[in-house]
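Enquirer: Before we start, here is the structure in question, set down as structure tokens.
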Amino acid sequence: MSKNVFFKRKGPFSVGKIFKELKLYQKTKIFDIKALEDAEISDLTFLESVNYINLAKTTKATYCLTTEKLKTFLPNNCRPIIVKNVLFELCKVARQFYPDADIDTPDSSLKKPEKSKYSRVKFGNNVFIGRNCKIGNNTIIGSNSIIEHNVKIGNNCTIGSQVVLKNSIIGNNVVIQDGCKIGLKGFGFIPMKEKNLRFPHIGNVLLNDHVEVGANCTIDRGSIGNTVIGKNTFLDNQVHMAHNVKIGNNCMIAGQVGFAGSSLIGDNVSIGGQAGISGHLKIGNNVKIGGGSGVVKDIPDGTVVMGYPAVPLKEFLRNQKK
Amino acid sequence: MSKNVFFKRKGPFSVGKIFKELKLYQKTKIFDIKALEDAEISDLTFLESVNYINLAKTTKATYCLTTEKLKTFLPNNCRPIIVKNVLFELCKVARQFYPDADIDTPDSSLKKPEKSKYSRVKFGNNVFIGRNCKIGNNTIIGSNSIIEHNVKIGNNCTIGSQVVLKNSIIGNNVVIQDGCKIGLKGFGFIPMKEKNLRFPHIGNVLLNDHVEVGANCTIDRGSIGNTVIGKNTFLDNQVHMAHNVKIGNNCMIAGQVGFAGSSLIGDNVSIGGQAGISGHLKIGNNVKIGGGSGVVKDIPDGTVVMGYPAVPLKEFLRNQKK
Amino acid sequence: MSKNVFFKRKGPFSVGKIFKELKLYQKTKIFDIKALEDAEISDLTFLESVNYINLAKTTKATYCLTTEKLKTFLPNNCRPIIVKNVLFELCKVARQFYPDADIDTPDSSLKKPEKSKYSRVKFGNNVFIGRNCKIGNNTIIGSNSIIEHNVKIGNNCTIGSQVVLKNSIIGNNVVIQDGCKIGLKGFGFIPMKEKNLRFPHIGNVLLNDHVEVGANCTIDRGSIGNTVIGKNTFLDNQVHMAHNVKIGNNCMIAGQVGFAGSSLIGDNVSIGGQAGISGHLKIGNNVKIGGGSGVVKDIPDGTVVMGYPAVPLKEFLRNQKK
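Residue numbers (the numbering used here), protein chains in the order written: chain A, 1 to 322; chain B, 1001 to 1322; chain C, 2001 to 2322.
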């Protein structure tokens, strides 16, 4: 997706104008802000942690917000813009490009669906749809649900009642149960006395084919970049997925599990009820995480973990015996 | 309830036809699939674990899906059908009888309630009711709530706003607060690459007299058999009850507690906030479970437990001192 | 707030009539029931725990429900009414004054908003508003949301879709995301066989300026006294705040955190995802509580804690190494 269909973008702005305080005086135009792996030559990207230096090496961006320490990991095509607090500066820049993406203003284009436009969709009562939505054949939308502008839903999906979908792209054969709130902005802001500075959330939620999401789940959209659930992954009720979390294919996520921001979960992962996954972690493929566990570090492929903090199962059982 | 009013049942089918691959060639007709304790002479039942051998001894079913090992626990009137994976085979059979019970298709019979039919019920704004519902006198249903077909609600109940009730039978004087989703299908499926095989959920949710359910709770209906809350049991907000959980009378379940599938909770049990109860456990009467505990094994009557995993309180306190 | 705008109050009643069984024979009229710090000369208050003896010293109430042991902490102007179980007696008295505050009967005054009355408010589709609400300029209310009678909302607020607001007073620039249920009665009752005795909830929810509440949160109103969130405090999704919890200014509360009743949280507190705070605790200013922690005792200012039960971080890390 090279173009953001969900938000109006301002700009382009010259580098000099964006970073007035840094006195860069450069006239090169920046068109958009994107993650390292998504950025094009005309975009600004950012590198705030060593976790992402592999992605940095191949970025196509011409400019990158980063620190003195991290700038060495950028390729030659990418010029560093050195700042002390990458996320704070990124937040300010993103707010220039996307001034409307920091608060979820309810969609003012919502209307009852026109039958002519959605002739092969089955709607319950009192459904509201925003402008430019696309909904596939044989998809059902339950009563009192709200589909905000530009959302795409594939074929043969079952969307329950009292659901809110915004800033989302949904595959085929997806099931979303009642009461889910999907695509809302995440919990991202720069804490400031009197008035926190909200981080714009210009990313989407992508649910791939055959995904199922249980009742009353919340799945926040990405801030920059997307929140993603892979094919045939099932979520139970009351799961919370924060912004930019990516879950692979064929995973089973039990009830009330919580994911903090930006964690990456592999394929064939099963997570027991009420487990919590901290932010910015990498959970491998074929991992099993016991119910109630608190995961605070990366987990390699094929590992079974349990506990708070979660450790390999054998270690957990050994500790229990002490 | 000998008849399932919520789902259309196919069949009857002959044993031979149901289990073509097993080459049983038997012409006896099977009319329904039921749990060991509920099955009649014309039904198929199943025994997948030693936990249920007591129930097996008195089952009235003529046929039982089970394993080579477990077949010895069946009474003489009940003929075993031996398979390797009981739940997988059960899932396939249940899908033959109930092809529509594996996904919660929103009820297409929903309408605004006819005043003549529900003259002694008070409705808020924009309430939708399915066909064949029964709602008792002096019951109140809050705005934007949805009561799907065949649901029964007793007298003097207070159902909040933005509630979804389906496949449920509700007693008298029951309180359900805003945002609850009750009677949806549970998180049951056979994991399969590319496309999981969903387990049909043909059971109900039964809420007995004087039950209270807090805001934004989710209570899934049973797969085969019911999910039940006993008299005068109160649930706080954001509690999750998975399929087939049964809670006794006079229990207090604090906020954000989660129950995995099929656990049985006794009477007078109190459970502190955010505690989790694993699946298929038996929690006795007069048990107290501390907030945040993770219960992973059965708890005998009268025990006070705490911790993750939960242990008797004395043991927990002793471990803390180490 | 000297007058309760949300509930009709009965009375005044004479002390003798209220406590018939105690045979006090006093004719002094009691006009209302209030917390120690809120009570006026004509009110009844209550002191049930040594935690509140500092508040007791300066109460203006003429009468106080308390125990033989605690009566010595009352000032001269306040006459003790000695009982065995303060909360049980308080519950009975409160039910005399406020017979309608123990169950959340959906508001029967809800209507579509009149444009003339709310000319500077933007409403989504199918919003319902009760009588006597006040909503500030430039505030937006999302579709299918319900604002019950007497609720006040300030200027420039963004209320999402499918929200319920009752018994609440909301400041300026407040953001409430989709699916929140705010101001409902809490989980307070005297457990009794057959039929629990519900505690009236006559308090409110107060959200101060610049507060943000994530999706599908539940914030219960106070029983006697209020539930409060201070300025510029942000809550992530699926947080549960029980009755009478008070959170200070500039706090960050991550996803799925739960607060049991009556805890007091200071300013600049950050709480990680899924942490739980037990009831009646005092958490100081500038405290950091790690994700998944279970807090069971008071925490002094400036402390970093983690674990279940939560202990200072150094102690937690030391225990991990054993």
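Note that beta-carbon positions come from the ideal geometry of N, C-alpha and C, so glycine has one too. It should be emphasised that the depicted structure is a prediction, and the values quoted were computed from it without experimental measurement.
So, at 6 Å on beta carbons, what are the nonlocal neighbours of proline 1309(B) in its own chain, with the 5 sequence-adjacent residues on each side left out?
Expert: Cβ neighbours of proline 1309(B) beyond the five flanking positions: Gly1294 and Val1296.
Enquirer: Does any residue of chain A have a CB that is nearer than 8 Å to the CB of lysine 2166(C)?
Expert: No, because no Cβ of chain A sits closer than 8 Å to the Cβ of lysine 2166(C).
Enquirer: Which partner residues of proline 2075(C) appear in the DSSP bridge assignment?
Expert: Its beta-bridge partners do not exist; DSSP assigns none.
Enquirer: Run down chain A in chain order and give the residues with a C-beta less than 7 Å from the C-beta of proline 1106(B).
Expert: Result: Gly124, Ile140, Gly142, Ser143, Gly160 and Ser161.
Enquirer: Closer than 8 Å, CB to CB, is alanine 2215(C) near chain A or not?
Expert: Cβ-Cβ to chain A under 8 Å: yes for alanine 2215(C).
Enquirer: Using 8 Å as the limit for Cβ to Cβ distance, is phenylalanine 325(A) near chain B?
Expert: Since the displayed chain A opens at 1 and closes at 322, residue 325(A) lies outside it and no answer follows.
Enquirer: Can you list, in chain order, the residues of its chain with a C-beta nearer than 6 Å to that of isoleucine 2277(C)? Leave out the 5 residues immediately preceding and following it.
Expert: Phe2259, Ser2263 and Val2295, listed in sequence order.
Enquirer: Can you list the residues of chain C that asparagine 1319(B) reaches, using a CB-CB cut of under 8 Å?
Expert: Chain C residues near asparagine 1319(B): none, gap ~11 Å exceeds 8 Å.
Enquirer: For the segment 1227-1244 of chain B, which residues have a beta carbon sitting closer than 8 Å to at least one beta carbon of chain A?
Expert: Those residues of the segment 1227-1244 of chain B that come within reach of chain A (Cβ to Cβ, closer than 8 Å) are Gln1238, His1240 and Ala1242.
Enquirer: Just to confirm, is the Cβ distance from serine 1109(B) to proline 2106(C) under 8 Å?
Expert: The answer is no: Cβ separation not under 8 Å.
Enquirer: Quick check on tyrosine 63(A) - is its C-beta less than 8 Å from some C-beta in chain C?
Expert: Closer than 8 Å: no.
Enquirer: Quick check on the burial criterion: 16 or more other C-beta atoms within 10 angstroms. Buried or exposed for glutamate 2194(C)?
Expert: By the 10 Å Cβ count, glutamate 2194(C) comes out exposed.
Enquirer: Go to valine 2015(C), then tell me how far its alpha helix (DSSP H) extends in each direction, as first and last residue.
Expert: Start and end: 2015-2018.
Enquirer: Would glutamate 114(A) and glycine 130(A) be called neighbours here (beta carbons separated by less than 8 Å)?
Expert: No; because the gap between Cβ atoms is not below 8 Å, this pair is not in contact.
Enquirer: Just the C-alpha distance for leucine 1317(B) and threonine 1303(B), rounded to the nearest angstrom, thanks.
Expert: When rounded, the distance between both Cα atoms is 15 Å.
Enquirer: Cα-Cα, which of Glu315(A), Asn249(A), Gln320(A) and Ile253(A) is closest to asparagine 285(A)?
Expert: Comparing Cα-Cα distances from asparagine 285(A) to each of Glu315(A), Asn249(A), Gln320(A) and Ile253(A), the minimum goes to Asn249(A).
Enquirer: Would phenylalanine 1189(B) pass as a contact of leucine 1197(B) if the rule is Cβ separation under 8 Å?
Expert: Yes. Within cutoff.
Enquirer: Around the C-beta of proline 1200(B), are 16 or more other C-beta atoms found within 10 angstroms, so that it is buried, or is it exposed?
Expert: The residue is buried, with at least 16 neighbouring Cβ atoms inside 10 Å.
Enquirer: Which class does tyrosine 1063(B) belong to by DSSP, given the choice of helix, strand or coil?
Expert: Tyrosine 1063(B) falls in the strand class under three-state DSSP.
Enquirer: So, is aspartate 301(A) buried or exposed, given that buried needs 16 or more other C-beta atoms within 10 angstroms?
Expert: So aspartate 301(A) counts as exposed.
Enquirer: Relative to the C-alpha of glycine 1154(B), which candidate in Pro1191(B), Phe1097(B), Leu1206(B) and Val1228(B) has its C-alpha closest?
Expert: Answer by Cα proximity: Leu1206(B).
Enquirer: Name, please, each residue of chain A whose Cβ falls closer than 9 Å to the Cβ of proline 1191(B).
Expert: Result: Asn232, Phe234, Asn250, Met252, Asn268 and Ser270.
Enquirer: Using only the alpha-carbon positions, how far apart do lysine 1166(B) and isoleucine 2082(C) sit?
Expert: Whole-angstrom Cα-Cα distance: 49 Å.
Enquirer: Inspect the beta-carbon positions of aspartate 2220(C) and methionine 2192(C) and report whether they are closer than 8 Å.
Expert: Contact flag unset, no.
Enquirer: Report the start-end ranges of each beta strand (DSSP E) in the segment 78-127 of chain A that is 3 residues or longer and not cut off at the edges.
Expert: Fully enclosed beta strand (DSSP E) runs of 3 or longer: 79-82.
Enquirer: For methionine 1(A), decide whether its Cβ has a neighbour in chain B, counting only Cβ atoms nearer than 8 Å.
Expert: Because methionine 1(A) carries a pLDDT of 42, less than 50, the predicted location of this residue cannot be relied on, and the following value inherits that uncertainty. With 8 Å as the cut-off, methionine 1(A) does not count as an interface residue toward chain B.
Enquirer: Excluding five sequence neighbours on each side, which residues of the same chain lie with their C-beta closer than 6 Å to the C-beta of aspartate 2032(C)?
Expert: Once the five neighbours on either side are set aside, the close Cβ partners of aspartate 2032(C) are Asp2043.
Enquirer: Please list the residues of the segment 2302-2319 of chain C that have a C-beta atom closer than 8 Å to any C-beta atom in chain B, keeping them in chain order.
Expert: Cβ contacts with chain B: Tyr2308 and Pro2309.
Enquirer: Under the three-state reduction of DSSP, which class applies to leucine 2313(C): helix, strand or coil?
Expert: Of the three classes helix, strand and coil, the one that applies to leucine 2313(C) here is helix, per DSSP.
Enquirer: Can you check whether the C-beta of alanine 260(A) is within less than 8 Å of a C-beta belonging to chain C?
Expert: Chain C contact via Cβ: present.
Enquirer: On a CA-only basis, which of Ile2202(C), Asn2076(C), Phe2234(C) and Gly2171(C) is nearest lysine 2185(C)? Give me that one, please.
Expert: Lysine 2185(C) has its Cα closest to that of Ile2202(C), out of Ile2202(C), Asn2076(C), Phe2234(C) and Gly2171(C).
Enquirer: Run through chain B and tell me which residues come within less than 7 Å of phenylalanine 2128(C), C-beta to C-beta.
Expert: Simply Asn1125 and Ser1143.
Enquirer: State the CB to CB distance for the pair glutamine 1177(B) and alanine 1215(B), rounded to an integer number of angstroms; the pair is presumed to be in contact (CB under 8 Å).
Expert: Confirmed, Cβ separation roughly 4 Å.
Enquirer: Compute the Euclidean distance between the alpha carbons of methionine 1001(B) and phenylalanine 1073(B), then round it to the nearest angstrom.
Expert: Any reading at methionine 1001(B) must be qualified, since the residue scores a pLDDT of 42, below 50, and its modelled position is unreliable; no value is offered.
Enquirer: If you compare alpha carbons, which of Arg120(A), Glu212(A) and Lys111(A) is closest to isoleucine 159(A)?
Expert: The option with the nearest alpha carbon to isoleucine 159(A) is Glu212(A).
Enquirer: Smallest Cα separation from glutamate 2040(C): which of Cys2064(C), Ile2229(C), Glu2048(C) and Ser2049(C)?
Expert: When each option's Cα is compared against that of glutamate 2040(C), the closest is Cys2064(C).
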